[in-house]
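Colleague:
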Amino acid sequence: MSRSARRKIVPPAATVDHEADLQRIDEALATVESIADDWFEHHRLKPCPPGFLLSLNRLRDFTSFAKAYATALRVVRE
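Counted the way my numbering counts, the sequence shown spans residues 461 to 538.
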């Protein structure tokens, strides 16, 4: 049997629903942002380990950046 006859036929890739993917990303980022905001407010006036509030602020900044990136992906896609 020739080598080409032994190759498996690969089905075509399923279409990717980019809008649904971006929607899931938005939902995940909203969840992370909500948790980070709640943690920040809960620990803001309490004694915390060094760097804890800074880490929460960085997490909040990261989620804002990621949301802006997702928005940019939508704009580029249009």
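Cβ coordinates follow ideal geometry from the N, Cα and C atoms, glycine included.
Just so we're clear, the structure is a prediction, and the values are computed from it rather than from any experiment.
Any idea if A474 is buried or exposed, counting beta-carbon neighbours within 10 angstroms, 16 or more meaning buried?
Modeller: Under this definition A474 is an exposed residue.
Colleague: Please look up how many angstroms separate the CB atoms of L482 and A530, rounded, as I've assumed it's under 8 angstroms.
Modeller: Indeed, because the Cβ distance is near 6 angstroms, the residues count as touching under 8 angstroms.
Colleague: Quick one: what does DSSP say D497 is sitting in, helix, strand or coil?
Modeller: helix
Colleague: If I'm right that L516 touches A496 with Cβ under 8 angstroms, what's the distance once you round it to whole angstroms?
Modeller: 6 angstroms
Colleague: Starting from T531, trace the alpha helix (DSSP H) in both directions and tell me its first and last residue.
Modeller: Judged by DSSP secondary structure, T531 falls within the alpha helix (DSSP H) whose first and last residues are 512–537.
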